[in-house]
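2 is the number of the first residue of the sequence shown in this note's numbering; add one for each residue after it. Positions of the beta carbon are idealized from the N, C-alpha and C atoms, including for glycine.
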Amino acid sequence: MLSYREALRVNPDCIRAWYNIGVTYYGLKGQTGVSEALKEAEGINPEIAVAWHNLFLNYTRGDDEIATMEAVRNLGRQNPADLDKLFNILLSRLDA
Numbered sequence: 002m003l004s005y006r007e008a009l010r011v012n013p014d015c016i017r018a019w020y021n022i023g024v025t026y027y028g029l030k031g032q033t034g035v036s037e038a039l040k041e042a043e044g045i046n047p048e049i050a051v052a053w054h055n056l057f058l059n060y061t062r063g064d065d066e067i068a069t070m071e072a073v074r075n076l077g078r079q080n081p082a083d084l085d086k087l088f089n090i091l092l093s094r095l096d097a
């Protein structure tokens, strides 16, 4: 994590560092840190589908339905063929 923070100190727009911080927090189950880091990556490049996908997965662990649907909407916009799959994942997580 320190190396990612160092990369951001050198280049605050380093998408890879923001993304990796988000993934690290996701693995540690730190939902707030996940969302903040992945939103930073998405803010630099809104077309970064992998950040939206991981935001979606993170939101389905919590109770923020609006944020979850926003992530689905953005993912669907980037890859409409995956929209059904995303809704099925969402439904399975909500039923659990």
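Tell me which residue opens and which closes the alpha helix (DSSP H) that residue i is part of.
i: G63; result: G63 -> no alpha helix (DSSP H), and no H or E assigned at all.
To the nearest angstrom, how far is it from the Cα of residue i to the Cα of residue j?
i: L76; j: V11; result: 30 Å
i: V73; j: L3; result: 31 Å
i: R6; j: A18; result: 7 Å
i: K40; j: Y27; result: 13 Å
i: G1; j: I22; result: What the structure shows of the chain is the stretch from 2 to 97, and residue 1 is not part of that stretch, so it cannot be assessed.
i: L29; j: R78; result: 29 Å
i: A82; j: Y20; result: 24 Å
i: G44; j: P13; result: 12 Å
i: K86; j: E71; result: 15 Å
With C-beta atoms as the reference, is residue i less than 8 Å away from residue j?
i: L91; j: T61; result: yes
i: I49; j: A38; result: no
i: S36; j: N59; result: yes
i: I16; j: N55; result: no
i: T69; j: F57; result: yes
Going by CA-CA distance only, name the one from the options that's closest to residue i.
i: T25; options: E71, I67, A52, L87; result: A52
i: T33; options: A82, Q79, D65; result: D65
If you measure from the CB of residue i, is any heavy atom of the ligand SAM nearer than 7 Å?
i: Y26; result: With respect to small molecules bound, the structure shown includes none, and the ligand SAM cannot be examined in it.
Mind pulling the beta strand (DSSP E) runs of 3 or more residues that sit fully within the segment 23-87? Entirely contained in the segment 23-87, not one beta strand (DSSP E) run reaches 3 residues.
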